[in-house]
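Student:
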């Protein structure tokens, strides 16, 4: 990713719209003291949201005051034209006298975080005026921090730390998921056991019902057979009674006949 063009308007000493183009390879900006060379770097830092080195106590101080006899401007805007593998886009930042700050990406409102995310590993390293001398005079630990910043190591460490924290969260979620799955597996086995118990109970109930039905059927058949036997005996006794009754009637008739004969004899 490279910076192709820079547009500045109302920022510090750049009252009017100024366009700076950066051709391929190497670009050097030269000029006398006070001509605005440092303000060019400041404008780039301004768009990227870097406040260190801007030499201003507040954002409103970055808006051009119009010079000795000029009129103060109400806002400042800086736009970076960038390209990456043939794709072109631009990012802008605007501030007004009320201290409001707005980030734009291709003229659509966005946030600094989105811009930094877009730049990713291609974020620019900017060494401000006087930083080289300061680096030489610094203690080894401080110098190491500056070098890490310039090389992107510090940012890498931040991203690494963030990634490790995210990884830790993911591992915890995986662990929690395994615990939940284990609990669900145990609950599943419990439900399976309860289902098997219910099926076994239902089978026993069915077997018991069939056994009771079989016993009842046999009992009914037994009583039916006994009833048939009793009915047969009753019928047999009834036949016997009828025979005896018939014999009794015959005997009575013979007795009557004998009595009649006896009466005739007695009457003679």
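In this note's numbering, the protein residues as written are 40 to 307.
Beta carbons are placed, not taken as given, at the ideal position from N, Cα and C, and that holds for glycine.
List the whole-angstrom C-beta distance separating residue 112 from residue 83, where the pair is believed to meet the contact cut-off of C-beta under 8 Å.
Tutor: In fact, because the Cβ distance is near 20 Å, the residues do not count as touching under 8 Å.
Student: In terms of DSSP beta bridges, what is residue 148 paired with?
Tutor: Its beta-bridge partners are 143.
Student: Could you pull the start and end residues of the beta strand (DSSP E) that residue 104 belongs to?
Tutor: Residue 104 -> no beta strand (DSSP E), and no H or E assigned at all.
Student: So, do the stretch 142 to 155 and the stretch 63 to 83 have three or more beta carbon pairs nearer to each other than 8 Å?
Tutor: With the cut-off at 8 Å, the stretch 142 to 155 and the stretch 63 to 83 do not touch.
Student: In the DSSP assignment, find the alpha helix (DSSP H) that holds residue 45 and state where it starts and stops.
Tutor: Residue 45 -> not in any alpha helix (DSSP H); beta strand (DSSP E) instead, spanning 41 to 48.
Student: Looking at C-alpha atoms only, which residue of 269, 122, 132, 218 is the closest neighbour of residue 158?
Tutor: When each option's Cα is compared against that of residue 158, the closest is 122.
Student: Under 6 Å Cβ to Cβ from residue 44, same chain only, skipping five residues before and after it: list those, please.
Tutor: Once the five neighbours on either side are set aside, the close Cβ partners of residue 44 are 60, 120.
Student: Does DSSP put residue 66 in a helix, a strand or coil?
Tutor: Three-state DSSP puts residue 66 in coil, outside helix and strand.
Student: Using C-beta distances below 7 Å, list every residue in its chain close to residue 129, excluding the 5 sequence neighbours before and after it, in chain order.
Tutor: Closer than 7 Å at the Cβ level, and outside the excluded window around residue 129, lie 118, 119, 120, 121, 145.
Student: Can you tell me whether DSSP reads residue 121 as helix, strand or coil?
Tutor: If DSSP states are grouped into helix, strand and coil, residue 121 belongs with the strands.
Student: Would you mind reading off the limits of the beta strand (DSSP E) that contains residue 127?
Tutor: Looking at the DSSP string, the run of the beta strand (DSSP E) that includes residue 127 is 126 to 135.
Student: Could you check which residue in 131, 154, 268, 207 has the C-alpha nearest to that of residue 114?
Tutor: Looking at the Cα atoms, 131 is the closest of the given residues.
Student: In the DSSP assignment, find the alpha helix (DSSP H) that holds residue 87 and state where it starts and stops.
Tutor: Counting along the chain, the alpha helix (DSSP H) containing residue 87 begins and ends at 76 to 87.
Student: Counting C-beta neighbours from all protein chains within 10 Å, is the total for residue 77 16 or more, i.e. buried, or is it exposed?
Tutor: By the 10 Å Cβ count, residue 77 comes out buried.
Student: Going straight from the alpha carbon of residue 210 to that of residue 195, what length do you get?
Tutor: Rounded to the nearest angstrom, the two C-alpha atoms are 22 Å apart.
Student: Tell me whether residue 51 is buried or exposed, calling it buried when 16 or more other Cβ atoms sit within 10 Å of its Cβ.
Tutor: Buried: at least 16 other Cβ atoms inside 10 Å.
Student: Starting from residue 213, follow its DSSP beta bridges and name the residues at the other end.
Tutor: Note: residue 213 sits in no beta bridge, so no partner.
Student: Which one of 40, 272, 296, 271 has the shortest CA to CA distance from residue 155?
Tutor: Minimum Cα distance to residue 155 is reached at 40.
Student: Tell me residue 53's beta-bridge partners as DSSP assigns them.
Tutor: DSSP lists 50 as partners of residue 53.
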